[in-house]
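Beneath this line is the structure, given in structure tokens, with notes to follow.
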Amino acid sequence: MSSTETQEYSPYLQPGGFKNWFFTVDHKRIGLMYLYAILFFFIIAGVCGLIVKAELLAPGMQFVDYHGYNVFFTLHGTIMVFLFIVPGIPATLGNFLLPLMIGAKDVAFPRLNLLSFWIYVLGAFVVILSLIGPWDEAWLDTGWTFYTPYSIDSSTGVIPVTLGAFILGFSSVLTGLNFVVTIHRMRAPGMTWHRMPLFVWSLYSASLIQILATPVVGITLLLLIMERLFGIGFFSPELGGDPIMFENFFWFYSHPVVYIMILPAMGVVAEILPVFSKKAIFGYRAIAYSSIAIALVSFFVWGHHLFVSGMSYWSRWIFSLLTFAVAIPTAIKVFNWIATLYKGSVKMDSPMLYACGFIFLFSIAGLTGIPLATLATDVHFHDTYFVVAHFHYTMQGGTVVALVGGLHFWWPKMYGRMYNELIAKVGFWLLFLGFNATFMPMFILGYWGMPRRYADYMAEFADLHFASSLGAMVNGIAYIVILGNLVYAAFKGRAAGKNPYNSLSLEWSIPSPPPLTNFDEIPTVTTWTYGYGEENT
Amino acid sequence: MANHSNWAPGTFFHLHEEDPVEEYENFKLGMWIFLATEVLLFGGLFAVYFVMKWRYPDLFLAGAAQLNALLGTGNTLVLLCSSFTMALAVDAAQRGQQKKLVWNLVLTLAFGTVFLIIKFFEWKAKIGHGWFPGLNLDIFFSIYFMTTGLHLLHVLVGMSFIGLLLYRAVVHKRYHEENFGGVEIGGLYWHLVDVIWIFLFPLLYLI
Amino acid sequence: MSSVFPEYATEAARQVDHVQFFIFLVMAFWFIACNAVLVYFVFRYKRKGPDDKVSTVKGNHTLEVVWTVIPTILVLGIFYYGIKVWAGTRTMPDDKDAYVVDITGQKWSWSYRYPDGQTTDQDLYVPQGEVVKLRMNSLDVLHSFFIPEFRIKEDVVPSFYTYLWFKADRAGVYNIFCTEYCGNRHSQMLGKLHVLTPEEWAAFKAKDYFEVLTPLEHGKDLYVKKACVGCHTTDGSASIGPTFKGIIGRQETLTDGRTLTVDFDYIERSINKPDDEIVAGYPKGQMPAFEGQLTKQDIQDIYTFLETLK
Amino acid sequence: MSSDRKMGHVQDFKVYVGVLLALFVLTVVTWAASTVHFGIWNNVIAVGIAAIKASLVIYFFMHGRYEKQETWAFIYYPMLLMAFLLGGLFLDYATGSSRTNKENYQAKPTSITLIHGEDKSHGEAAPAGNHAAPSGDGHTAPAGDNAAPSGDHAAPANDHATPAEDGGNH
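Protein chains in written order, with this note's numbering: chain A, 487 to 1023; chain B, 0 to 206; chain C, 867 to 1176; chain D, 305 to 474.
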């Protein structure tokens, strides 16, 4: 046990009060503030998603008109991507756990960490600002991809949202920068690169992408704003611009950003599996290096978003080949996770349930990516519901399930209280059922050629849409159950010990909730964080 | 900024202390990474430049002919000198020579303002011809105003950064052998601004 | 092989179905294999007590190499098969005698021009068994021309021509979708592709395929085909554009304050150049300019249709 | 305070002056190289000399020579990404993009016309359709997928005027 504190131990949550939260530079509090902000936006975007699904319940327009449907699917996309899932795991669990896992007192630049949180809030405010104004003038209806030339001559609030996304880009770059410097320079003595937890490896590769991809979308959105304000002719065809160039620049950022979303989720799963199967992770270096490999390869593959936009023959040929290069490291990770359970002693608590659910859903997501990478089939599946199902399996089935699993796993560490295990399991199965009921029919809709972003559809697609919309309602209820359980546990849960799941990782060696300066004195790390087999002799 | 005692620990004004050499190395690595993002920001613009040059080659030749290469070369030389004096300023801070540090910072700011003045005349000439963003400009001048405008913004940010360093060096006498990190960071940023102009000058003015 | 795809109508589509079926087999195999092993491990190694004997294996290099090499080979195989089929569908066989149709996409309606100058709206008529090349261009924003039964799709880009080609083997009526988001009525930008048998095709070329419409019916048909229905209602209810109920002879005040009674000249001027005289209170720039697409006779027919709307 | 490791490295004065002179010389060389017309090679030369000047500044002025390998990673990798971005873009544009330019469609009245004053109509609203002022851009109207085995015929023959042009005749 670390030497007793000079003054008695007080968790990081005291002292409270607005001043101490508004000006805090403690990475744990900033992690919590991010958590509250992104869950708030998750609920808003989720409601928008449910409105979209409610509208698709039956052919014909029941609840909203065409413009309303376009507004809500745009809001669902924009808020989910820029405000919830890009900050997502790195900003919440990443901020909270990175210094704890590598044995540091705080991130490299604490003030910059606080600055990037308030830049995030400013960006979120500017995005929400676009909703102020007349219904058919201000509410953005261009889809979260802002494709020109529609986003140039659309009368709706493109400028506030793109400006907000530009500002959020800064917050994401600064967080990435903070994490990379922290991992490079502030690891505890003895914590070599190959003794770091795999969550830190995945945060490192996600931060690399955040740093290197975000500036390109920053300049693209800036050019879009300039084009709308000053009529500078980069993207609009009348002024000699090329709308496909916008697509190229947008997806040069937006494909790496989907790997920012999924890599930390893979890191969380790689943390949960060894703890609940009491066995060392299988192929530590394979998983660590495939995280970095995905981060590097993710910059070469954006062309598959433009397969049908009139690209040249050889351009499609090469981008299809490169897109398959991303499938290999992902496959290696999945195999290594499954091998981790071999000859372990598996305890199916709720975090483990989420981790196995992640593997199940993510294997569907990964495998349905193959027809989208193959040119022959992608020409048919492009911009149909097959793509919608594919990326929801990756984002919701992957990232959100891993985020919720991670929250369950580290909740005792964050708040020092345990959640109700039964409700958590019920919540998982409700989510699993609702999610599959929503998105499995969409694959078949994609086969039939039902295009994306359609407010109304022809009669032959009606029954699958009906089933999918019902599933979406169950999906929504599941989140209410899960988040309610966690929030209740944060206040009234029974006290959790220092290490309820007796994990060997560094963050479980300090009392929970951890004191302000994490470690009394920086620990020297001598063993590997997954040495489960050896100790118990 | 001194740690005000009445703030609770772990807040903006009451940080835990870090070993100065450690902090210096962190600061420098962080700055280099930030420079990488700036390079990619301008990289996106240069990519637009190359694509549009491919699509409208003679439009760009005509546009470049329209620009005043002499002013461009002048600007390049001015920025190179400002980079030189900035490097000397960092060198002076490392050696702890206060007077040389202050003089070099002042010289860098002077070269910066000369750059701004030349840029002002150039833009005034362009606007005189009626090519100003907002008049449905053609591609070349859109790119011209976009790149030089963004670069100008970075020059202004860099100069205010150096102004802050000057204020701290003169009033607080903060920079000496043991604590010159701030000057080095300012220098890195200013050199980046110069490097971007080095790439921008031939592409826009000469070819 | 009963595939979930809609019935294929071209040889190229049949091959695409084969590629997808092959990929589906690969997907199903790996999915079932991985998750069966996972579920087996979960139950086989269920935790019995706190100090179970646990293996300390950390990794296995040969296994790592095996499950890197096998997916790589598999994935390259899929890539090769996919590229070979796609090259067949994408490159035109020989386009000297291809039947070229010009397609123009504009906000929320398709219009087609045939080599002999004939034009149709919304519905495309092509001969069976002949190589047809579609040369596509958009007048305002990005659209995308998609025929699910042929498994072909290509974006329609303003200021550029993009092309698609197919050889329809089976006559019939197929759907046309717009799959690139193009604004308010993106979901209504539909059409039908009629693959005509040789004798129907001969009738179509001789221009008597369609029964001759009276001016009133032709006006009503244009009202639907040219997507006026999207923004102008006939029952008086408000929409993007002014309603057509009782429009003839109505007093309208324009955005620049002038007031005028709606007559044939105003209708013709606002059809050709809508943005010059917008009625106050309605958004500018929403209505595409039909100048050059509608003859004076067409506008006359539309006018006769509007007169009936009291 | 473990200050045994020295902070930063000091270079002597001559290094800085030498680098400055080299930069001046290279600027003049760039200007000279641009006056000679090498066609496409002009771009490569200009970017090459600029890259040399940039590496001089990074290596000496920014003390790049003392930086560890992790910092140099963040100098090289953005350049690699730029190469990929440009490579991906020109893979599409240069190898015969299957988007052929509409034959008589051109961009806005260009600065060429403004200079020679032929087209005084600058400033009027850009008509949505086509413009008269042609500025040759032969590059973008290659024969469709000229890399593709068949390669459909060159820019469409003139008898199919663009649909928006002549009225539909029944």
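Each residue gets a CB set at the ideal place from its N, CA and C atoms; glycine is no exception.
Going by the CB atoms, is the gap between Ala875 of chain C and Asp1035 of chain C shorter than 8 angstroms?
For this step, residue 1035 of chain C is matched to residue 169 along the third sequence. For this step, residue 875 of chain C is matched to residue 9 along the third sequence. Result yes, Cβ atoms of Asp1035 of chain C and Ala875 of chain C sit closer than 8 angstroms.
Please tell me whether Gly1085 of chain C and His1098 of chain C are closer than 8 angstroms, where the distance is taken between their beta carbons.
The sequence position of residue 1085 of chain C within the third sequence is 219, counting from 1. The sequence position of residue 1098 of chain C within the third sequence is 232, counting from 1. Going by C-beta atoms, Gly1085 of chain C is not nearer than 8 angstroms to His1098 of chain C.
Report all residues from its chain with a CB closer than 6 angstroms to the CB of Ser688 of chain A; omit the five preceding and five following residues, and keep chain order.
Residue numbering aside, residue 688 of chain A sits at position 202 when the first sequence is read from its first letter. The answer, listed in chain order, is Leu749, Pro750, Met752, Gly753 and Ser777.
Which residues, taken in chain order from the stretch 1021-1045 of chain C, show a beta carbon closer than 8 angstroms to some beta carbon of chain A?
Residues passing the 8 angstroms Cβ filter: Asp1021, Val1023, Pro1024, Ser1025, Phe1026, Thr1028, Asn1041, Phe1043, Cys1044 and Thr1045.
Are the C-beta of Leu76 of chain B and some C-beta of chain D separated by less than 8 angstroms?
By one-based count along the second sequence, residue 76 of chain B stands at place 77. Cβ-Cβ to chain D under 8 angstroms: yes for Leu76 of chain B.
Should Lys505 of chain A be flagged as near chain C, meaning a C-beta pair shorter than 8 angstroms?
Translated into positions along the first sequence, residue 505 of chain A becomes position 19. Cβ-Cβ to chain C under 8 angstroms: no for Lys505 of chain A.
Can you tell me where the beta strand (DSSP E) holding Ile1018 of chain C begins and where it ends?
For this step, residue 1018 of chain C is matched to residue 152 along the third sequence. Ile1018 of chain C -> beta strand (DSSP E) spans Ile1018 to Val1022.
Kindly say whether Gln1166 of chain C, judged by its beta-carbon, lies nearer than 8 angstroms to any beta-carbon of chain D.
Taking the first residue of the third sequence as position 1, residue 1166 of chain C is located at position 300. Taking Cβ atoms only, chain D never reaches closer than 8 angstroms to Gln1166 of chain C, which makes this a no.
From D:Val340, D:Thr339 and D:Leu324, pick the residue whose C-alpha is nearest to that of Ala358 of chain D; which is it?
For this step, residue 358 of chain D is matched to residue 54 along the fourth sequence. Residue D:Leu324 is the option with its Cα nearest to Ala358 of chain D.
Just tell me which of A:Thr661, A:Gly962 and A:Ala590 has its CA closest to the CA of Arg673 of chain A.
Position 187 of the first sequence, counting from 1, holds the residue named residue 673 of chain A. It is A:Ala590.
What is the DSSP secondary structure of Thr628 of chain A, counted as helix, strand or coil?
The residue you call residue 628 of chain A lines up with position 142 of the first sequence. The answer is coil: DSSP assigns Thr628 of chain A none of H, G, I, E or B.
Taking DSSP's pairing of strands, which residues face Phe1026 of chain C in a bridge?
Reading the third sequence from its first residue, position 160 is the one you call residue 1026 of chain C. Partner(s): D:Asn405.
Under a CB-based cut-off of 8 angstroms, is Ile748 of chain A close to chain B?
Numbered from 1 along the first sequence, position 262 holds the residue referred to as residue 748 of chain A. False, the Cβ-Cβ gap to chain B never drops below 8 angstroms.
Express the C-alpha separation of Arg910 of chain C and Ser402 of chain D in angstroms, rounding to a whole number.
For the purposes of this step, residue 402 of chain D is taken as residue 98 along the fourth sequence, with counting starting at 1. For the purposes of this step, residue 910 of chain C is taken as residue 44 along the third sequence, with counting starting at 1. Looking at the two C-alpha atoms, the distance is approximately 56 angstroms.
Quick check on Gln1166 of chain C: does DSSP put it in helix, strand or coil?
For the purposes of this step, residue 1166 of chain C is identified with residue 300 of the third sequence, where counting begins at 1. Of the three classes helix, strand and coil, the one that applies to Gln1166 of chain C here is helix, per DSSP.
Just the C-alpha distance for Val101 of chain B and Phe33 of chain B, rounded to the nearest angstrom, thanks.
The residue labelled residue 101 of chain B in the question sits at position 102 within the second sequence. The residue labelled residue 33 of chain B in the question sits at position 34 within the second sequence. One C-alpha to the other measures close to 26 angstroms.
What are the complete alpha helix (DSSP H) segments, minimum 4 residues, inside the stretch 1026-1075 of chain C?
Counting whole runs of 4 or more residues, the stretch 1026-1075 of chain C contains the alpha helix (DSSP H) stretches 1064-1071.
Which word fits Asp316 of chain D, buried or exposed, when buried means at least 16 other C-beta atoms lie within 10 angstroms of its C-beta?
As a working mapping, residue 316 of chain D is identified with position 12 in the fourth sequence. When all chains shown are included, Asp316 of chain D counts as exposed.
Taking C-beta to C-beta, are Thr339 of chain D and Thr75 of chain B nearer than 8 angstroms?
Start at 1 with the first residue of the fourth sequence, and residue 339 of chain D comes out as number 35. Start at 1 with the first residue of the second sequence, and residue 75 of chain B comes out as number 76. No. Outside cutoff.
Rounded to whole angstroms, what is the Cα-Cα separation between Glu183 of chain B and Pro701 of chain A?
Taking the second sequence and counting its residues from 1, the one referred to as residue 183 of chain B is at position 184. Taking the first sequence and counting its residues from 1, the one referred to as residue 701 of chain A is at position 215. Whole-angstrom Cα-Cα distance: 24 angstroms.
Which residue marks the beginning of the alpha helix (DSSP H) containing Asp949 of chain A, and which one marks its end?
Here residue 949 of chain A corresponds to residue number 463 of the first sequence, with the count starting at 1. It spans Ala948 to Lys978 - the alpha helix (DSSP H) in which Asp949 of chain A sits, taken as one unbroken run.
Could one say the Cβ of Ile32 of chain B lies closer than 8 angstroms to chain A's Cβ atoms, at least one of them?
The sequence position of residue 32 of chain B within the second sequence is 33, counting from 1. Closer than 8 angstroms to some Cβ of chain A, the Cβ of Ile32 of chain B qualifies, so yes.
Along the stretch 791-802 of chain A, what residues have a CB closer than 7 angstroms to any CB found in chain D?
Taking 7 angstroms as the Cβ-Cβ cut-off against chain D, the residues of the stretch 791-802 of chain A that qualify are Gly796, Met797, Ser798, Tyr799, Trp800 and Ser801.
Could you check what DSSP says for Ser1103 of chain C in three-state terms: helix, strand or coil?
Counting from 1 along the third sequence, the entry for residue 1103 of chain C is found at position 237. Of the three classes helix, strand and coil, the one that applies to Ser1103 of chain C here is coil, per DSSP.
From Asp918 of chain C to Lys514 of chain A, what distance separates their C-alpha atoms?
Counting from one through the third sequence, the residue named residue 918 of chain C turns up at place 52. Counting from one through the first sequence, the residue named residue 514 of chain A turns up at place 28. Each residue's alpha carbon lies about 35 angstroms from the other.
Please list the terminal residues of the continuous beta strand (DSSP E) segment that includes Arg979 of chain C.
Residue 979 of chain C sits at position 113 when you count from the first residue of the third sequence. Unbroken beta strand (DSSP E) run through Arg979 of chain C: Ser975 to Arg979.
So the beta strand (DSSP E) Lys999 of chain C belongs to, where does it begin and stop?
Your numbering for residue 999 of chain C matches position 133 in the third sequence. Note, Lys999 of chain C: beta strand (DSSP E), Val997 to Ser1004.
Once the 5 residues before and after Phe1005 of chain A are set aside, which same chain residues still bring their CB inside 6 angstroms of it?
Reading the first sequence from its first residue, position 519 is the one you call residue 1005 of chain A. Excluding sequence neighbours, Phe1005 of chain A sits near nothing in its chain.
Answer yes or no: does any C-beta atom of chain D fall closer than 8 angstroms to that of Ile1008 of chain A?
Working through the first sequence from its first residue, we reach residue 1008 of chain A at position 522. No, no contact with chain D.
Name the DSSP bridge partner or partners of Asp987 of chain C?
The residue given as residue 987 of chain C occupies position 121 in the third sequence. For Asp987 of chain C, which the question treats as bridged, DSSP gives the partners C:Ser977.
Rank B:Ile138, B:Lys172, B:Phe41 and B:Glu176 by C-alpha distance to the C-alpha of Phe735 of chain A and give the top, closest one.
As a first step, residue 735 of chain A is located in the first sequence; it is residue number 249 there, counting from the start. Among B:Ile138, B:Lys172, B:Phe41 and B:Glu176, the Cα nearest to that of Phe735 of chain A is on B:Phe41.
Please state if the CB of Tyr48 of chain B and the CB of Ile161 of chain B are separated by a distance shorter than 8 angstroms.
For this step, residue 161 of chain B is matched to residue 162 along the second sequence. For this step, residue 48 of chain B is matched to residue 49 along the second sequence. Cβ atoms of Ile161 of chain B and Tyr48 of chain B: not closer than 8 angstroms.
Is the stretch 1012-1026 of chain C in contact with the stretch 860-871 of chain A, if contact means three or more CB pairs nearer than 8 angstroms?
Cβ pair count under 8 angstroms is three or more, so yes.
Let me check understanding here. Comparing Cα to Cα, which of B:Pro8, B:Trp6 and B:Trp31 lies closest to Leu208 of chain B?
Because chain B in this structure spans residues 0 to 206, residue 208 of chain B falls outside the shown range and cannot be described.
Can you name the residues of chain C whose CB is closer than 7 angstroms to the CB of His878 of chain A?
Working through the first sequence from its first residue, we reach residue 878 of chain A at position 392. By Cβ distance, chain C contributes nothing, its closest Cβ being about 17 angstroms from His878 of chain A, past 7 angstroms.
Within the continuous beta strand (DSSP E) that includes Gln972 of chain C, where are the two ends?
Counting from one through the third sequence, the residue named residue 972 of chain C turns up at place 106. Run containing Gln972 of chain C: Tyr965 to Gln972, per the beta strand (DSSP E) assignment.
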